[in-house]
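Undergrad:
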Amino acid sequence: MSIRKRLVLSNIAMVLIPVLLFIAAVLLLVSIFFGDIKRFMNFGAAKNLDTTIINQEFTSIKKVASLSPEQLEHQNYLAAIDQKLRKHHASIIIRKDHKIIFKSSMVKQLSISTLPSFGEDDRWQPVQWVGSHHYIIQSYDFYFSNGKKGTVFIARDAGTFIHAGRALFLTLFGVLLLILISTNGLLTYFVSRTIIKPVNKLIQVAQKIGEGDLDFQIGIKQKDELGKLAQTFDHMRQKLKESINVQLQYEENRKELIANISHDLKTPITSIKGYVEGIRDGVANTPVKMERYLNTIYTKSVDMDKLIDELALYSKLDMNRLPYHFEEVNIQSFLLELIDELTFDLENENVALFFHTNISEPYRVLADREKIKRAVTNIVSNSLKYMDKDKKSIEISIKGQADESVVVQIKDNGPGISEEALPYIFERFYRADPSRNTGTGGSGLGLAIVRRIIEDHGGNIWVESKIGKGTSIFFTLKTFV
Numbered sequence: 001m002s003i004r005k006r007l008v009l010s011n012i013a014m015v016l017i018p019v020l021l022f023i024a025a026v027l028l029l030v031s032i033f034f035g036d037i038k039r040f041m042n043f044g045a046a047k048n049l050d051t052t053i054i055n056q057e058f059t060s061i062k063k064v065a066s067l068s069p070e071q072l073e074h075q076n077y078l079a080a081i082d083q084k085l086r087k088h089h090a091s092i093i094i095r096k097d098h099k100i101i102f103k104s105s106m107v108k109q110l111s112i113s114t115l116p117s118f119g120e121d122d123r124w125q126p127v128q129w130v131g132s133h134h135y136i137i138q139s140y141d142f143y144f145s146n147g148k149k150g151t152v153f154i155a156r157d158a159g160t161f162i163h164a165g166r167a168l169f170l171t172l173f174g175v176l177l178l179i180l181i182s183t184n185g186l187l188t189y190f191v192s193r194t195i196i197k198p199v200n201k202l203i204q205v206a207q208k209i210g211e212g213d214l215d216f217q218i219g220i221k222q223k224d225e226l227g228k229l230a231q232t233f234d235h236m237r238q239k240l241k242e243s244i245n246v247q248l249q250y251e252e253n254r255k256e257l258i259a260n261i262s263h264d265l266k267t268p269i270t271s272i273k274g275y276v277e278g279i280r281d282g283v284a285n286t287p288v289k290m291e292r293y294l295n296t297i298y299t300k301s302v303d304m305d306k307l308i309d310e311l312a313l314y315s316k317l318d319m320n321r322l323p324y325h326f327e328e329v330n331i332q333s334f335l336l337e338l339i340d341e342l343t344f345d346l347e348n349e350n351v352a353l354f355f356h357t358n359i360s361e362p363y364r365v366l367a368d369r370e371k372i373k374r375a376v377t378n379i380v381s382n383s384l385k386y387m388d389k390d391k392k393s394i395e396i397s398i399k400g401q402a403d404e405s406v407v408v409q410i411k412d413n414g415p416g417i418s419e420e421a422l423p424y425i426f427e428r429f430y431r432a433d434p435s436r437n438t439g440t441g442g443s444g445l446g447l448a449i450v451r452r453i454i455e456d457h458g459g460n461i462w463v464e465s466k467i468g469k470g471t472s473i474f475f476t477l478k479t480f481v
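Below you can see the structure in the form of structure tokens.
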């Protein structure tokens with residue numbers, strides 16, 4: 001559930017839950033305070049508020065007032081009625097014209113001016129405050145035998161209801177306040193807990209990342225905005241870790257590269273230095289020796305130049321700083337042109353070069369011509385360095401594949417490579433000869449450069465070899481779509 005939806009629902013709950021709880025509390029408290037909820041509900045409707053006994057007495061008094069009004073002037077009769085009513089917290093008052101002829105001692109402080117006028121009989125009047133007492137008054141008008149106006153008043157003590165109402169109001173107010181505080185507090189706690197806890201966790205994660213600690217799991221599984229943020233943090237952590245590992249690998253490679261460069265440059269430099277010292281010391285004292293010394297110095301210088309060029313090329317490839325110019329290339333025509341260029345040099349080395357293909361129609365690939373030419377040339381040059389047969393041969397072939405790629409195979413009949421060495425031949429400065437003998441020449445970067453070029457083309461490269469029979473290097477190129 002999203003944070004937005006959670007907040008909306010919590011706000012609705014903050015309103016709805018207190019209302020429902022308050023209604024339940026009101027019903028419960030009314031039941032406790034008044035026993036009969038229905039009776040309390042009818043408290044504001046005056047005709048239904050009297051108790052059964054008061055109603056009976058009032059009905060009886062009205063009948064007497066109608067049939068024998070003179071009895072309402074007898075004090076003993078009225079005192080008897082008043083005695084009955086007082087047991088039920090009610091009192092009787094008799095008014096004749098504008099004079100009170102009987103008034104119960106319970107309402108002795110009640111002023112005549114507060115009583116309803118003649119003609120407002122048989123209805124409940126608003127609560128009258130007399131001193132510290134509260135009265136609800138009902139009246140009935142009649143005429144005495146001599147024609148004078150008379151009114152019977154029944155005054156009921158409303159103090160019990162007033163006090164109960166006040167107590168109920170205060171209790172309900174306290175309950176409402178408690179419900180609001182409790183509901184809002186609990187909802188705020190639970191909602192904020194689902195937000196604050198992940199936020200604190202993310203703060204800890206950010207602190208760990210800032211301290212360089214990337215070996216941990218965030219562990220936030222929520223499916224909301226914070227969960228997505230946690231996933232983003234974790235993705236960032238993984239990327240940072242990968243980046244640091246790559247940087248460490250680059251640093252390790254750089255150290256290894258420096259060590260290998262030092263090793264491979266030291267040999268020709270030492271050789272050049274030795275021959276120069278021989279010339280200076282007069283060892284090359286004949287024209288033949290001098291020419292041989294100078295040719296050797298030149299050859300070693302050329303080797304150093306090639307090594308430096310390949311180091312520069314590999315460094316650019318390794319740092320992704322070498323630009324590629326991809327274009328649509330007819331692979332058959334391209335390889336045939338390249339074979340024509342290589343044939344002359346290979347004939348001088350007594351190497352036969354062959355080309356085979358099972359593709360009848362032009363097969364077009366997406367490639368950088370110069371880089372693929374460099375890759376094929378490096379593979380062929382590497383094969384030439386290790387040729388040990390009297391009849392030397394190199395075969396280049398291509399075939400299409402179902403996955404819309406073309407496979408190029410370059411096969412020689414050289415000495416082959418041991419199975420132990422096969423996984424490492426594309427590593428830089430690796431030579432199958434454990435002694436790293438440079439007698440065969442080369443920088444040790446040729447096949448490493450080939451692998452980077454093919455991988456940058458989105459292809460794969462692998463090798464198959466058998467000792468004594470030769471080696472085949474395969475690589476794939478994507479077809480042009």
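All residue numbers in the sequence shown are consecutive under the UniProt record's numbering, ending with 481. By construction, the Cβ of each residue, glycine as well, lies at the ideal position given by its N, Cα and C atoms. The structure presented is a predicted model; accordingly, all values stated were derived computationally and were not measured.
Quick check on LYS371: buried or exposed, where buried means 16 or more other Cβ atoms within 10 Å of its Cβ?
TA: LYS371 comes out buried.
Undergrad: To the nearest whole angstrom, what separates the beta carbons of VAL329 and ARG369, a pair I think is in contact under 8 Å?
TA: VAL329 to ARG369, Cβ: 6 Å. Contact.
Undergrad: Going along the chain, which residues of its own chain have a beta-carbon closer than 8 Å to the beta-carbon of ILE339, five neighbours each way excluded?
TA: Only LEU353, PHE355, ILE396 meet the Cβ criterion.
Undergrad: Is it right to say SER91 is buried, meaning 16 or more other beta carbons lie within 10 angstroms of its own, or is it exposed?
TA: The residue is buried, with at least 16 neighbouring Cβ atoms inside 10 Å.
Undergrad: What does the Cβ neighbour count give for LYS103, buried or exposed, with the cut at 16 atoms within 10 Å?
TA: Buried.
Undergrad: Are LYS385 and GLY416 closer than 8 Å when you measure CB to CB?
TA: Cβ atoms of LYS385 and GLY416: not closer than 8 Å.
Undergrad: Comparing C-alpha positions only, which one of TYR324, ILE308, ASP281 sits nearest to ILE258?
TA: For the residues TYR324, ILE308, ASP281, the minimum Cα distance to ILE258 belongs to ILE308.
Undergrad: Compute the beta-carbon to beta-carbon distance between ALA25 and TYR140, rounded to the nearest angstrom, for a pair I have assumed lies under 8 Å.
TA: Not really, about 40 Å apart at Cβ, beyond 8 Å.
Undergrad: Would you kindly work out how many angstroms separate the C-alpha atoms of PRO434 and VAL408, rounded to a whole number?
TA: In this prediction, PRO434 has a pLDDT of 48, which is less than 50 and means its spatial position is unreliable; nothing more can be read from the coordinates.
Undergrad: 8 Å is my cut-off, CB to CB: does LEU67 come that close to chain D?
TA: The displayed structure is made up of one protein chain only, and chain D is not part of it.
Undergrad: Along the chain, where does the beta strand (DSSP E) containing LEU353 start, and where does it finish?
TA: Run containing LEU353: 351 to 357, per the beta strand (DSSP E) assignment.
Undergrad: At which residues does the alpha helix (DSSP H) containing ASP82 begin and terminate?
TA: 75 to 86 is the span of the alpha helix (DSSP H), which, as asked, contains ASP82.
Undergrad: Taking its Cβ as the centre, do 16 or more other Cβ atoms sit within 10 Å of GLN238, making it buried, or is it exposed?
TA: With fewer than 16 Cβ atoms within 10 Å of its Cβ, GLN238 is classed as exposed.
Undergrad: Report yes if the C-beta distance between TYR293 and GLY278 is below 8 Å; otherwise report no.
TA: Yes, the pair counts as a contact, with Cβ atoms nearer than the cut-off.
Undergrad: State yes or no: is the C-beta of TYR77 within less than 8 Å of the C-beta of GLN83?
TA: Not a contact, by the Cβ cut-off of 8 Å.
Undergrad: Output needed for LYS148: all residues of its chain with C-beta closer than 7 Å, excluding positions within five of it in sequence on either side, in chain order.
TA: So the qualifying residues of the chain are LYS96, ASP97.
Undergrad: For residue 484, is the classification buried or exposed, using 16 other Cβ atoms within 10 angstroms of its Cβ as the cut-off for buried?
TA: As shown, the chain starts at 1 and ends at 481. That puts residue 484 outside it, with no answer to give.
Undergrad: State buried or exposed for MET319, treating a residue as buried only when at least 16 other CB atoms are found within 10 Å of its CB.
TA: MET319 is exposed by the Cβ-count criterion.
Undergrad: Looking at C-alpha atoms only, which residue of PHE58, LEU172, ILE101 is the closest neighbour of ILE81?
TA: When each option's Cα is compared against that of ILE81, the closest is PHE58.
Undergrad: Am I right that ASP303 and PRO268 are in contact with their C-beta atoms under 8 Å? What's the rounded C-beta distance?
TA: Sure, about 5 Å apart at Cβ, within 8 Å.
Undergrad: Taking a contact to mean a Cβ-Cβ separation below 8 Å, would you say PHE480 touches VAL380 in this structure?
TA: Cβ distance not < 8 Å, so PHE480 and VAL380 don't count as in contact.
Undergrad: Would you mind working out which of PRO287, THR183, LEU186, ILE218 sits nearest ASN200, comparing C-alpha positions?
TA: It is ILE218 whose Cα lies nearest to the Cα of ASN200.
Undergrad: Return the chain-ordered list of same chain residues with a C-beta closer than 7 Å to the C-beta of ALA284, the five sequence neighbours on each side being excluded.
TA: Within the same chain, ALA284 has close Cβ partners GLY278, MET290, TYR293.
Undergrad: If distances are taken between C-alpha atoms only, which option among ASP388, MET236, LEU9 comes closest to GLY212?
TA: Checking every option, the nearest Cα to that of GLY212 belongs to MET236.
Undergrad: What residue range does the beta strand (DSSP E) around LYS99 cover?
TA: Run containing LYS99: 99 to 103, per the beta strand (DSSP E) assignment.
Undergrad: Quick one: what's ILE379 bridged to in DSSP?
TA: None, per the DSSP bridge assignment.
Undergrad: Could you tell me the boundaries of the alpha helix (DSSP H) in which ASN348 lies?
TA: 331 to 348 is the span of the alpha helix (DSSP H), which, as asked, contains ASN348.
Undergrad: Can you tell me the Cβ-Cβ gap for ILE229 and LEU202, rounded? I've got them flagged as a contact below 8 Å.
TA: Just to set this straight, residue 229 is Leu in the shown sequence, not Ile. Confirmed, about 7 Å.
Undergrad: Go to LEU67, then tell me how far its alpha helix (DSSP H) extends in each direction, as first and last residue.
TA: Its alpha helix (DSSP H) spans residues 52 to 67.
Undergrad: Could you tell me the distance, in whole angstroms, from the CA atom of GLY458 to the CA atom of GLU464?
TA: Rounded to whole angstroms, GLY458 to GLU464 spans 21 Å at the Cα level.
Undergrad: List the DSSP bridge partners of GLY416.
TA: Partner(s): none; GLY416 has no beta bridge.
Undergrad: Please state whether DSSP places THR286 in a helix, a strand or coil.
TA: DSSP places THR286 in coil when its eight states are reduced to three.
Undergrad: Could you give the DSSP three-state label for PHE233: helix, strand or coil?
TA: Here PHE233 sits in helix by DSSP.
Undergrad: So, for LYS38: in the same chain, excluding its five sequence neighbours on each side, which residues have a beta-carbon less than 6 Å away from its beta-carbon?
TA: Confidence at LYS38 is low in this model, with a pLDDT of 47, below 50, so the placement of that residue should be treated as unreliable; the coordinate-derived value is given next. So no residue of the chain qualifies.
Undergrad: CB-CB under 6 Å to ARG436, same chain, minus the five flanking residues each way: which ones, in chain order?
TA: Note that ARG436 has pLDDT 42, beneath the 50 cutoff, so the model's placement of it is unreliable and the number below is only indicative. For ARG436, where only same-chain residues beyond five positions count, there are no Cβ hits under 6 Å.
Undergrad: Look up GLU310 in the DSSP assignment and say whether it is helix, strand or coil.
TA: Of the three classes helix, strand and coil, the one that applies to GLU310 here is helix, per DSSP.
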